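All remarks here apply to the structure that follows.
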Amino acid sequence: MNEDERRIIGFLLEHNQKSFDCALDGGYAATLIARGIVIRAARPGQVFDQEHVPMAIEDDVWDVLVENRQMFPEHYQGETHPWRVPWMAR
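Sequential numbering of the sequence shown, starting at 17, is according to this note's numbering.
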């Protein structure tokens with residue numbers, strides 16, 4: 017995993033948070049989505065804002081991440097969620 021991916025997973029583990037919302041393109045979590053670590057959690061027909069797409073980590077993947085928690089950074093210090101790309105950077 018690259019540093020952005022590790023930061024995202026570390027944040028989620030620190031907050032015991034298996035789901036979150038992000039921009040439609042996935043922001044900095046796009047590669048986690050592409051690899052199937054993070055999945056879209058929207059139901060068929062569910063309506064959502066393009067900046068607030070529901071995402072989740074499936075239980076079996078979460079269990080492996082928890083077992084390897086020491087491999088991810090703790091105590092995220094950023095101003096926003098680590099998967100969000102600031103609007104000025106787009």
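Yeah, the Cβ is synthetic: ideal placement off N, Cα and C, and Gly gets one too. Everything numeric in this text was worked out from a predicted model, so none of it was measured.
When C-alpha distances from Glu21 are compared across Phe88, Asp75, Ala57, the shortest belongs to Phe88. Secondary-structure assignment with DSSP links Arg56 through a beta bridge to Met71. When C-beta atoms of the region 43 to 57 are compared with those of the region 70 to 79, three or more pairs fall below 8 Å, so the two segments count as touching. In this model, Gly42 and Trp99 are separated by some 7 Å (Cα to Cα). Residue nearest to Gln66 within the set His91, Cys38, Glu30 is Cys38 (criterion: CA-CA distance).
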